[in-house]
Amino acid sequence: STSASAPPLRVAVIGAGAAGLAAARAFRRENDRAAKEARSDPFAVTAFERTPPPESRPSAGGVWRYEKRVPGRPMYSGLRTNLPRELMAYREMPWGRNGGEEEEAAWNEDSYATHREVFRYLSAYLRQFDLDESIRYGSDVTALDFVDPAAAASLLLLGYTRDGAAHVETFDAVCVCNGHYALPCYPDVPGLRGFSGEVLHSVDYDTPERFAGKTVLCIGGRASGSDVAREISLRAKRVYLSVSPPPAERSPTVCGNVVLCGRTLSIDADSRVHFSGGPTAALDDVDVVICCSGYDYAFPFLGPDSNVDLSFPTGERRVSPLYAQLWHARCPNLSFVGLPHSVVPFPLFEMQARAVAKELLARREGGEMLPDPKARLLEAEEDAARGGPGGARVQDTHHLGDAQWDYVREVAKLAGLYDAELEDYLVVNEKLYNDAGRDRKGNFPGGPDGYRSTKYQRDDRQRAVHRSAGGEMATL
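For the sequence shown, our numbering begins at 5 and goes up steadily by one.
Below, the structure written as C-alpha coordinates:
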(Lines of atoms letter the chains of each structure in order from A and count residues from 1; the text may use other names and numbers.)
(Lines give C-alpha, C1' and ligand atoms only; values in the text may rest on other atoms or scores of the structure.)
Protein backbone atom coordinates (compact mmCIF):
# COMPACT_ATOMS: atom_id res chain seq x y z
CA SER A 1 0.00 0.00 0.00
CA THR A 2 1.22 3.50 -0.84
CA SER A 3 -0.06 4.66 2.55
CA ALA A 4 2.10 2.38 4.73
CA SER A 5 4.62 5.08 5.62
CA ALA A 6 2.54 8.13 4.68
CA PRO A 7 1.86 10.69 7.42
CA PRO A 8 -1.76 10.92 8.57
CA LEU A 9 -4.11 13.13 6.59
CA ARG A 10 -4.84 16.32 8.51
CA VAL A 11 -8.62 16.68 8.61
CA ALA A 12 -10.60 19.63 10.01
CA VAL A 13 -14.21 19.22 11.10
CA ILE A 14 -16.11 22.50 11.39
CA GLY A 15 -18.61 22.19 14.25
CA ALA A 16 -19.11 19.69 17.09
CA GLY A 17 -22.86 19.26 17.01
CA ALA A 18 -24.50 15.94 16.09
CA ALA A 19 -22.99 15.99 12.57
CA GLY A 20 -19.53 17.09 13.71
CA LEU A 21 -19.42 14.41 16.41
CA ALA A 22 -20.41 11.77 13.82
CA ALA A 23 -17.61 13.03 11.54
CA ALA A 24 -14.98 13.05 14.29
CA ARG A 25 -16.04 9.51 15.23
CA ALA A 26 -15.87 8.30 11.60
CA PHE A 27 -12.23 9.40 11.26
CA ARG A 28 -11.25 8.06 14.69
CA ARG A 29 -13.02 4.78 13.86
CA GLU A 30 -10.67 4.32 10.90
CA ASN A 31 -7.74 5.04 13.22
CA ASP A 32 -9.04 2.36 15.63
CA ARG A 33 -9.26 -0.11 12.74
CA ALA A 34 -5.71 0.72 11.65
CA ALA A 35 -4.44 0.21 15.22
CA LYS A 36 -5.97 -3.29 15.35
CA GLU A 37 -4.08 -4.11 12.14
CA ALA A 38 -0.84 -2.62 13.52
CA ARG A 39 -0.92 0.23 10.98
CA SER A 40 -0.31 3.91 11.67
CA ASP A 41 -3.23 6.31 12.03
CA PRO A 42 -4.59 7.40 8.64
CA PHE A 43 -6.14 10.57 10.09
CA ALA A 44 -5.23 13.42 12.43
CA VAL A 45 -8.59 15.03 13.10
CA THR A 46 -9.36 18.41 14.69
CA ALA A 47 -12.94 19.54 15.27
CA PHE A 48 -13.36 23.31 15.61
CA GLU A 49 -16.16 24.26 18.01
CA ARG A 50 -17.20 27.83 18.87
CA THR A 51 -18.55 27.14 22.35
CA PRO A 52 -16.07 27.57 25.21
CA PRO A 53 -14.32 24.58 26.80
CA PRO A 54 -16.51 22.40 29.02
CA GLU A 55 -16.67 23.28 32.69
CA SER A 56 -19.63 21.88 34.62
CA ARG A 57 -21.17 20.15 31.58
CA PRO A 58 -20.12 19.16 28.04
CA SER A 59 -19.85 21.95 25.46
CA ALA A 60 -20.38 19.89 22.30
CA GLY A 61 -23.87 19.07 21.01
CA GLY A 62 -24.67 21.99 18.71
CA VAL A 63 -28.32 23.06 18.75
CA TRP A 64 -29.10 20.41 21.39
CA ARG A 65 -27.06 22.36 23.96
CA TYR A 66 -29.96 24.44 25.30
CA GLU A 67 -29.21 27.77 26.92
CA LYS A 68 -32.09 29.51 28.66
CA ARG A 69 -33.35 32.69 27.00
CA VAL A 70 -30.36 33.06 24.69
CA PRO A 71 -31.69 34.76 21.53
CA GLY A 72 -30.91 33.24 18.16
CA ARG A 73 -30.83 29.65 19.45
CA PRO A 74 -33.31 27.31 17.74
CA MET A 75 -33.75 25.10 20.80
CA TYR A 76 -36.59 26.15 23.11
CA SER A 77 -37.40 25.12 26.65
CA GLY A 78 -40.30 22.73 26.03
CA LEU A 79 -39.06 20.99 22.88
CA ARG A 80 -39.53 17.24 22.56
CA THR A 81 -38.39 15.28 19.55
CA ASN A 82 -40.89 14.36 16.85
CA LEU A 83 -38.97 11.15 16.12
CA PRO A 84 -38.71 8.28 18.64
CA ARG A 85 -35.30 7.76 20.24
CA GLU A 86 -35.19 4.16 18.90
CA LEU A 87 -35.10 5.71 15.42
CA MET A 88 -33.05 8.87 15.89
CA ALA A 89 -30.00 7.28 17.59
CA TYR A 90 -26.70 6.75 15.82
CA ARG A 91 -26.58 3.16 14.56
CA GLU A 92 -23.33 2.58 16.45
CA MET A 93 -24.88 3.59 19.78
CA PRO A 94 -28.52 2.39 20.10
CA TRP A 95 -30.93 4.26 22.34
CA GLY A 96 -34.21 3.10 23.85
CA ARG A 97 -35.76 -0.33 23.32
CA ASN A 98 -33.75 -2.50 20.94
CA GLY A 99 -33.46 -6.20 20.19
CA GLY A 100 -35.19 -9.01 22.02
CA GLU A 101 -37.58 -9.11 24.97
CA GLU A 102 -37.28 -6.01 27.10
CA GLU A 103 -37.84 -5.88 30.81
CA GLU A 104 -41.35 -4.71 31.60
CA ALA A 105 -39.89 -1.64 33.34
CA ALA A 106 -38.19 -0.61 30.11
CA TRP A 107 -41.59 0.21 28.63
CA ASN A 108 -41.93 3.00 31.20
CA GLU A 109 -39.46 5.13 29.24
CA ASP A 110 -40.96 7.46 26.62
CA SER A 111 -39.78 7.02 23.06
CA TYR A 112 -40.04 10.76 22.36
CA ALA A 113 -37.18 12.48 24.18
CA THR A 114 -36.80 15.97 25.60
CA HIS A 115 -33.96 18.12 24.28
CA ARG A 116 -32.17 17.59 27.60
CA GLU A 117 -32.27 13.81 27.07
CA VAL A 118 -30.92 14.21 23.52
CA PHE A 119 -28.08 16.37 24.83
CA ARG A 120 -27.26 13.74 27.46
CA TYR A 121 -27.26 11.08 24.73
CA LEU A 122 -24.84 13.14 22.58
CA SER A 123 -22.65 13.72 25.64
CA ALA A 124 -22.57 9.94 26.27
CA TYR A 125 -21.59 9.40 22.59
CA LEU A 126 -18.80 11.96 23.01
CA ARG A 127 -17.49 10.13 26.09
CA GLN A 128 -17.87 6.61 24.72
CA PHE A 129 -15.64 7.37 21.74
CA ASP A 130 -13.25 9.85 23.46
CA LEU A 131 -14.18 12.57 20.98
CA ASP A 132 -13.25 15.40 23.35
CA GLU A 133 -9.59 14.66 22.51
CA SER A 134 -10.24 15.86 18.96
CA ILE A 135 -12.27 19.01 19.75
CA ARG A 136 -10.67 22.45 19.87
CA TYR A 137 -13.17 24.51 21.87
CA GLY A 138 -13.57 28.29 21.73
CA SER A 139 -12.49 28.27 18.08
CA ASP A 140 -14.59 30.24 15.59
CA VAL A 141 -13.80 29.40 11.96
CA THR A 142 -13.63 32.64 9.96
CA ALA A 143 -12.18 31.71 6.56
CA LEU A 144 -11.73 28.73 4.26
CA ASP A 145 -9.77 28.71 0.99
CA PHE A 146 -8.10 26.28 -1.40
CA VAL A 147 -4.33 26.62 -1.55
CA ASP A 148 -4.51 25.83 -5.30
CA PRO A 149 -8.07 26.24 -6.62
CA ALA A 150 -7.13 24.57 -9.93
CA ALA A 151 -5.92 21.33 -8.29
CA ALA A 152 -8.16 18.25 -8.18
CA ALA A 153 -7.64 17.87 -4.43
CA SER A 154 -6.08 21.08 -3.18
CA LEU A 155 -4.92 21.57 0.39
CA LEU A 156 -7.19 23.91 2.34
CA LEU A 157 -6.33 26.96 4.43
CA LEU A 158 -8.58 27.35 7.47
CA GLY A 159 -8.64 30.60 9.41
CA TYR A 160 -10.06 30.80 12.92
CA THR A 161 -10.03 32.94 16.04
CA ARG A 162 -9.28 31.61 19.51
CA ASP A 163 -8.71 33.55 22.73
CA GLY A 164 -8.87 36.78 20.72
CA ALA A 165 -6.02 35.76 18.38
CA ALA A 166 -6.29 34.92 14.68
CA HIS A 167 -4.78 31.66 13.40
CA VAL A 168 -4.41 29.93 10.01
CA GLU A 169 -3.74 26.22 9.53
CA THR A 170 -3.41 23.96 6.50
CA PHE A 171 -5.45 20.76 6.11
CA ASP A 172 -5.60 17.91 3.61
CA ALA A 173 -9.38 17.77 3.95
CA VAL A 174 -12.19 19.74 5.58
CA CYS A 175 -15.56 18.35 6.63
CA VAL A 176 -18.14 21.12 7.15
CA CYS A 177 -20.66 20.24 9.87
CA ASN A 178 -21.97 23.65 10.96
CA GLY A 179 -25.67 22.74 10.80
CA HIS A 180 -28.49 24.62 9.15
CA TYR A 181 -30.40 26.24 12.01
CA ALA A 182 -28.47 29.51 12.34
CA LEU A 183 -29.81 31.85 9.63
CA PRO A 184 -33.59 32.40 9.98
CA CYS A 185 -35.58 32.45 6.76
CA TYR A 186 -38.55 34.82 6.69
CA PRO A 187 -41.60 34.31 4.46
CA ASP A 188 -42.09 36.62 1.50
CA VAL A 189 -45.22 38.37 2.78
CA PRO A 190 -45.81 41.92 1.49
CA GLY A 191 -46.30 44.29 4.42
CA LEU A 192 -44.66 42.02 7.02
CA ARG A 193 -41.91 44.56 7.79
CA GLY A 194 -44.49 47.29 8.35
CA PHE A 195 -46.66 45.28 10.76
CA SER A 196 -47.45 47.45 13.79
CA GLY A 197 -47.23 44.60 16.32
CA GLU A 198 -44.29 42.35 17.13
CA VAL A 199 -42.65 40.17 14.44
CA LEU A 200 -40.48 37.25 15.58
CA HIS A 201 -38.91 34.16 14.06
CA SER A 202 -39.33 30.81 15.81
CA VAL A 203 -35.56 30.95 16.52
CA ASP A 204 -36.43 33.65 19.10
CA TYR A 205 -39.07 31.54 20.87
CA ASP A 206 -38.30 29.98 24.25
CA THR A 207 -41.35 29.82 26.55
CA PRO A 208 -45.03 30.79 26.11
CA GLU A 209 -45.48 33.06 29.15
CA ARG A 210 -44.76 36.32 27.31
CA PHE A 211 -47.73 35.68 24.98
CA ALA A 212 -50.31 35.58 27.78
CA GLY A 213 -53.60 37.16 26.69
CA LYS A 214 -52.32 37.97 23.19
CA THR A 215 -53.56 37.00 19.74
CA VAL A 216 -50.68 35.32 17.91
CA LEU A 217 -50.29 34.37 14.25
CA CYS A 218 -47.80 31.57 13.51
CA ILE A 219 -46.82 31.46 9.83
CA GLY A 220 -45.82 27.91 8.84
CA GLY A 221 -47.49 24.69 9.91
CA ARG A 222 -44.69 22.16 9.76
CA ALA A 223 -42.98 20.68 12.82
CA SER A 224 -41.83 23.87 14.57
CA GLY A 225 -44.96 25.86 13.65
CA SER A 226 -47.31 23.20 14.99
CA ASP A 227 -45.36 22.71 18.22
CA VAL A 228 -44.84 26.42 18.89
CA ALA A 229 -48.54 27.14 18.21
CA ARG A 230 -49.58 24.36 20.61
CA GLU A 231 -47.30 25.64 23.39
CA ILE A 232 -48.31 29.28 22.96
CA SER A 233 -52.01 28.36 22.95
CA LEU A 234 -51.65 27.39 26.62
CA ARG A 235 -51.12 31.08 27.48
CA ALA A 236 -52.38 33.13 24.53
CA LYS A 237 -55.90 34.42 24.00
CA ARG A 238 -55.93 32.86 20.52
CA VAL A 239 -53.42 31.37 18.09
CA TYR A 240 -53.89 31.42 14.33
CA LEU A 241 -51.77 28.91 12.45
CA SER A 242 -51.19 29.78 8.78
CA VAL A 243 -50.64 26.62 6.73
CA SER A 244 -50.00 25.86 3.07
CA PRO A 245 -51.83 24.22 1.41
CA PRO A 246 -54.90 25.61 3.24
CA PRO A 247 -57.12 23.29 5.31
CA ALA A 248 -59.18 20.94 3.13
CA GLU A 249 -62.88 21.66 2.80
CA ARG A 250 -64.93 20.16 5.64
CA SER A 251 -61.77 19.35 7.65
CA PRO A 252 -61.67 20.74 11.21
CA THR A 253 -60.12 24.21 11.48
CA VAL A 254 -60.55 24.90 15.20
CA CYS A 255 -59.09 23.02 18.18
CA GLY A 256 -59.46 24.84 21.50
CA ASN A 257 -58.09 28.32 20.89
CA VAL A 258 -56.00 27.29 17.85
CA VAL A 259 -57.50 28.26 14.48
CA LEU A 260 -56.12 27.08 11.11
CA CYS A 261 -55.86 29.61 8.28
CA GLY A 262 -54.62 29.36 4.71
CA ARG A 263 -51.36 30.79 3.39
CA THR A 264 -50.57 34.33 4.58
CA LEU A 265 -50.90 36.56 1.49
CA SER A 266 -50.18 40.08 2.69
CA ILE A 267 -50.41 42.56 5.55
CA ASP A 268 -52.05 45.96 4.98
CA ALA A 269 -50.74 49.31 6.18
CA ASP A 270 -53.30 49.11 9.00
CA SER A 271 -51.87 45.66 9.97
CA ARG A 272 -54.85 43.69 8.64
CA VAL A 273 -53.62 40.21 7.63
CA HIS A 274 -55.00 38.52 4.48
CA PHE A 275 -55.03 34.78 3.77
CA SER A 276 -55.44 32.55 0.74
CA GLY A 277 -57.97 29.73 1.14
CA GLY A 278 -59.31 28.37 4.41
CA PRO A 279 -62.24 29.70 6.42
CA THR A 280 -60.60 33.01 7.41
CA ALA A 281 -60.09 35.64 4.70
CA ALA A 282 -58.57 38.36 6.90
CA LEU A 283 -57.72 39.24 10.52
CA ASP A 284 -57.32 42.62 12.20
CA ASP A 285 -56.67 41.59 15.81
CA VAL A 286 -53.18 40.04 15.60
CA ASP A 287 -50.72 41.26 18.26
CA VAL A 288 -47.70 39.09 17.40
CA VAL A 289 -46.53 37.36 14.20
CA ILE A 290 -44.13 34.42 14.63
CA CYS A 291 -42.47 33.23 11.41
CA CYS A 292 -42.05 29.45 11.67
CA SER A 293 -40.58 29.38 8.20
CA GLY A 294 -37.32 27.52 8.58
CA TYR A 295 -33.72 28.46 7.94
CA ASP A 296 -31.32 29.21 5.11
CA TYR A 297 -28.00 27.47 4.68
CA ALA A 298 -25.17 29.67 5.93
CA PHE A 299 -21.40 29.30 5.79
CA PRO A 300 -20.06 32.54 7.33
CA PHE A 301 -16.47 31.42 6.76
CA LEU A 302 -17.07 31.33 2.98
CA GLY A 303 -17.21 35.07 2.35
CA PRO A 304 -17.04 36.89 -1.01
CA ASP A 305 -13.23 36.69 -0.97
CA SER A 306 -13.13 32.89 -0.56
CA ASN A 307 -11.96 30.95 -3.62
CA VAL A 308 -14.13 27.95 -2.64
CA ASP A 309 -16.54 27.80 -5.56
CA LEU A 310 -19.78 27.19 -3.66
CA SER A 311 -23.21 28.68 -4.28
CA PHE A 312 -25.82 29.03 -1.51
CA PRO A 313 -28.06 32.04 -2.35
CA THR A 314 -30.30 33.31 0.45
CA GLY A 315 -33.86 32.11 -0.04
CA GLU A 316 -32.95 29.21 -2.36
CA ARG A 317 -32.00 26.70 0.36
CA ARG A 318 -29.73 25.06 -2.19
CA VAL A 319 -26.01 24.40 -1.90
CA SER A 320 -24.11 23.60 -5.10
CA PRO A 321 -22.16 22.06 -6.75
CA LEU A 322 -22.34 18.96 -4.54
CA TYR A 323 -21.93 15.35 -5.56
CA ALA A 324 -24.39 13.07 -3.68
CA GLN A 325 -25.37 16.11 -1.57
CA LEU A 326 -22.14 15.53 0.30
CA TRP A 327 -18.89 16.19 -1.57
CA HIS A 328 -17.77 19.37 -3.31
CA ALA A 329 -18.14 18.10 -6.87
CA ARG A 330 -14.81 19.52 -8.05
CA CYS A 331 -12.71 18.97 -4.90
CA PRO A 332 -14.18 16.09 -2.84
CA ASN A 333 -11.67 16.58 -0.02
CA LEU A 334 -14.11 19.34 0.97
CA SER A 335 -17.34 17.76 2.20
CA PHE A 336 -20.58 18.89 3.85
CA VAL A 337 -22.18 16.50 6.33
CA GLY A 338 -25.78 17.12 7.37
CA LEU A 339 -27.29 19.25 4.59
CA PRO A 340 -30.32 17.01 3.80
CA HIS A 341 -33.44 17.78 5.81
CA SER A 342 -36.75 16.03 6.48
CA VAL A 343 -34.65 12.99 7.39
CA VAL A 344 -33.66 10.94 10.43
CA PRO A 345 -30.59 13.08 11.09
CA PHE A 346 -28.12 11.26 13.34
CA PRO A 347 -27.88 7.96 11.37
CA LEU A 348 -27.72 9.90 8.10
CA PHE A 349 -24.85 12.04 9.45
CA GLU A 350 -23.15 8.84 10.56
CA MET A 351 -23.32 7.23 7.11
CA GLN A 352 -22.29 10.40 5.31
CA ALA A 353 -19.31 10.82 7.65
CA ARG A 354 -18.20 7.22 7.23
CA ALA A 355 -18.39 7.63 3.44
CA VAL A 356 -16.27 10.80 3.61
CA ALA A 357 -13.64 8.91 5.64
CA LYS A 358 -13.67 5.97 3.18
CA GLU A 359 -13.25 8.32 0.19
CA LEU A 360 -10.22 10.00 1.75
CA LEU A 361 -8.75 6.60 2.67
CA ALA A 362 -9.19 5.36 -0.90
CA ARG A 363 -7.30 8.35 -2.29
CA ARG A 364 -4.62 8.10 0.38
CA GLU A 365 -4.02 4.56 -0.82
CA GLY A 366 -3.83 5.62 -4.47
CA GLY A 367 -7.36 4.61 -5.42
CA GLU A 368 -10.54 6.45 -6.33
CA MET A 369 -13.97 5.82 -4.80
CA LEU A 370 -15.99 8.44 -6.66
CA PRO A 371 -16.65 8.95 -10.39
CA ASP A 372 -14.34 11.29 -12.32
CA PRO A 373 -14.66 15.10 -11.83
CA LYS A 374 -16.62 15.63 -15.06
CA ALA A 375 -19.24 13.04 -14.08
CA ARG A 376 -19.45 14.45 -10.54
CA LEU A 377 -20.01 18.00 -11.77
CA LEU A 378 -22.63 16.87 -14.29
CA GLU A 379 -24.59 14.98 -11.63
CA ALA A 380 -24.26 17.89 -9.19
CA GLU A 381 -25.62 20.32 -11.78
CA GLU A 382 -28.53 18.02 -12.65
CA ASP A 383 -29.39 17.50 -8.96
CA ALA A 384 -29.37 21.24 -8.24
CA ALA A 385 -31.37 22.06 -11.39
CA ARG A 386 -34.17 19.58 -10.74
CA GLY A 387 -34.61 20.49 -7.09
CA GLY A 388 -33.46 17.28 -5.42
CA PRO A 389 -35.15 13.87 -5.36
CA GLY A 390 -38.69 15.30 -5.34
CA GLY A 391 -37.94 17.63 -8.23
CA ALA A 392 -40.69 20.04 -7.15
CA ARG A 393 -38.80 23.31 -6.55
CA VAL A 394 -35.32 24.64 -6.00
CA GLN A 395 -35.94 25.13 -2.26
CA ASP A 396 -36.49 21.38 -1.89
CA THR A 397 -33.08 20.37 -3.30
CA HIS A 398 -32.02 18.96 0.07
CA HIS A 399 -35.49 17.73 1.11
CA LEU A 400 -35.24 13.93 1.12
CA GLY A 401 -38.24 12.61 3.10
CA ASP A 402 -39.15 9.20 1.67
CA ALA A 403 -36.08 9.33 -0.61
CA GLN A 404 -33.69 9.20 2.38
CA TRP A 405 -33.55 5.39 2.56
CA ASP A 406 -32.36 4.95 -1.01
CA TYR A 407 -30.01 7.88 -0.52
CA VAL A 408 -28.38 6.15 2.46
CA ARG A 409 -28.17 2.89 0.46
CA GLU A 410 -26.46 4.68 -2.43
CA VAL A 411 -23.93 6.43 -0.16
CA ALA A 412 -23.25 3.14 1.66
CA LYS A 413 -22.70 1.30 -1.64
CA LEU A 414 -20.33 4.01 -2.87
CA ALA A 415 -18.30 3.58 0.32
CA GLY A 416 -18.42 -0.23 0.37
CA LEU A 417 -20.48 -0.18 3.58
CA TYR A 418 -23.71 -1.76 2.31
CA ASP A 419 -24.54 -5.24 3.62
CA ALA A 420 -27.49 -7.36 4.80
CA GLU A 421 -27.32 -5.98 8.35
CA LEU A 422 -27.53 -2.41 7.09
CA GLU A 423 -30.54 -3.37 4.98
CA ASP A 424 -32.30 -4.86 8.04
CA TYR A 425 -31.55 -1.66 9.93
CA LEU A 426 -32.89 0.58 7.13
CA VAL A 427 -36.08 -1.48 6.73
CA VAL A 428 -36.81 -1.06 10.45
CA ASN A 429 -35.94 2.64 10.29
CA GLU A 430 -38.40 3.16 7.45
CA LYS A 431 -41.16 1.30 9.32
CA LEU A 432 -40.56 3.39 12.45
CA TYR A 433 -40.39 6.65 10.47
CA ASN A 434 -43.59 5.95 8.55
CA ASP A 435 -45.54 4.90 11.62
CA ALA A 436 -44.42 7.91 13.66
CA GLY A 437 -45.18 10.16 10.68
CA ARG A 438 -48.72 8.77 10.27
CA ASP A 439 -49.33 9.31 13.99
CA ARG A 440 -48.02 12.88 13.85
CA LYS A 441 -49.85 13.86 10.67
CA GLY A 442 -53.09 12.49 12.12
CA ASN A 443 -52.94 15.20 14.80
CA PHE A 444 -54.56 18.60 14.41
CA PRO A 445 -51.67 21.03 13.70
CA GLY A 446 -51.14 23.00 16.89
CA GLY A 447 -53.49 20.68 18.78
CA PRO A 448 -52.67 18.06 21.46
CA ASP A 449 -49.59 15.97 20.62
CA GLY A 450 -50.97 12.61 21.68
CA TYR A 451 -48.67 10.80 19.23
CA ARG A 452 -45.74 11.45 21.59
CA SER A 453 -47.19 8.98 24.11
CA THR A 454 -46.64 6.07 21.68
CA LYS A 455 -43.71 3.83 22.69
CA TYR A 456 -41.62 1.70 20.35
CA GLN A 457 -39.26 -1.24 20.41
CA ARG A 458 -37.17 -2.18 17.38
CA ASP A 459 -35.93 -5.65 16.45
CA ASP A 460 -33.65 -5.43 13.42
CA ARG A 461 -33.02 -9.18 13.15
CA GLN A 462 -36.74 -9.80 12.70
CA ARG A 463 -37.22 -6.55 10.74
CA ALA A 464 -39.97 -5.83 13.26
CA VAL A 465 -41.23 -2.81 15.18
CA HIS A 466 -43.34 -3.25 18.30
CA ARG A 467 -45.48 -0.33 19.41
CA SER A 468 -47.47 0.42 22.52
CA ALA A 469 -50.19 3.06 22.24
CA GLY A 470 -53.15 3.60 24.55
CA GLY A 471 -52.45 0.33 26.33
CA GLU A 472 -52.55 -1.66 23.05
CA MET A 473 -49.55 -3.55 21.68
CA ALA A 474 -49.02 -4.08 17.96
CA THR A 475 -46.21 -5.38 15.72
CA LEU A 476 -45.41 -3.67 12.42
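Think of the CB as a built atom: it goes at the ideal place given N, C-alpha and C, for glycine as much as any other residue.
In the structure shown, lysine 218 falls within a coil segment according to DSSP collapsed to helix, strand and coil. Rounded to the nearest whole angstrom, the C-alpha separation of threonine 458 and histidine 470 is 10 Å. When the alpha-carbon of asparagine 433 is set against those of Arg33, Ala379, Asp313, Pro98, the nearest one is in Pro98. Remark: fewer than three beta-carbon pairs, one from each stretch, lie closer than 8 Å, so the stretch 128-142 and the stretch 301-319 are not flagged as touching. Boundaries of the alpha helix (DSSP H) around phenylalanine 123: 119-132. Spanning the alpha carbons of tyrosine 299 and glycine 24 requires a straight line of approximately 19 Å.
Closest in C-alpha terms to valine 203, from the list Gly342, Gly307, Gly370, Ser275, comes Ser275.
In the DSSP annotation of this structure, the continuous segment of the alpha helix (DSSP H) that includes glutamine 408 starts and ends at 408-418. Taken atom to atom, the span from the alpha-carbon of arginine 69 to that of tyrosine 129 is near 14 Å. The three-state reading of DSSP puts arginine 140 in strand, counting E and B together. Bounds of any alpha helix (DSSP H) do not take in alanine 169; it lies within the beta strand (DSSP E) bounded by 169-175. Take serine 237, set aside five residues on each side of it, and the residues of its chain with a beta-carbon closer than 7 Å to its own are Val243, Gly260, Asn261, Val262, Gly450, in chain order.
Contact between phenylalanine 215 and valine 292 holds: CB atoms are separated by about 6 Å, below the 8 Å threshold. Residue environment analysis places glutamate 213 among the exposed positions, since fewer than 16 neighbouring C-beta atoms fall within 10 angstroms of its C-beta. In the DSSP assignment, tyrosine 164 falls within the beta strand (DSSP E) that extends over 160-166.
Boundaries of the alpha helix (DSSP H) harbouring arginine 33: 22-40, taken from the DSSP string.
Within the same chain, Cβ atoms closer than 8 Å to the Cβ of methionine 477 are found at His470, Arg471, the five residues on either side in sequence being excluded. When the beta-carbon positions are compared, tyrosine 460 and proline 88 come within less than 7 Å of each other.
In summary, proline 249 is exposed, with fewer than 16 beta-carbon neighbours lying within 10 Å of its beta-carbon over all protein chains present. DSSP places methionine 355 within a helical segment (H, G or I) once states are collapsed to three. Taking a 10 Å sphere around the C-beta of glutamine 408, we find 16 or more other C-beta atoms and assign the residue as buried. In the structure shown, the three-state DSSP call for asparagine 337 is coil. Counted as a single uninterrupted DSSP element, the alpha helix (DSSP H) harbouring alanine 440 occupies residues 424-445. Boundaries of the beta strand (DSSP E) harbouring aspartate 463: 459-463, taken from the DSSP string. Glutamate 90 places its beta carbon less than 7 Å from that of arginine 462. Below 8 Å, enough C-beta pairs join the stretch 170-180 and the stretch 13-22 to call them touching: three or more. Your pair arginine 73 and aspartate 208 does not check out as a contact, with CB atoms roughly 10 Å apart and the cut at 8 Å. Taking a contact as a CB-CB distance under 8 Å, the pair glutamine 356 and histidine 402 does not count as one, their CB atoms being some 12 Å apart. A check of alpha carbon separations from leucine 338 across Glu53, Trp111, Gly370, Ala155 identifies Ala155 as the nearest. Closest in C-alpha terms to leucine 421, from the list Arg358, Lys445, Glu369, comes Arg358. When the Cα atoms are used, aspartate 134 and phenylalanine 31 turn out to be separated by approximately 12 Å. With 16 or more other Cβ atoms from the protein chains shown falling within 10 Å of its own Cβ, lysine 362 counts as buried.
Around the beta carbon of alanine 51, 16 or more other beta carbons lie within 10 angstroms, which makes this residue buried. A distance below 8 Å between beta-carbons, with the five flanking residues on each side excluded, links glutamate 414 to the following residues of its chain, in chain order: Ala328. In the three-state DSSP reduction, valine 469 falls in the strand class (E or B).
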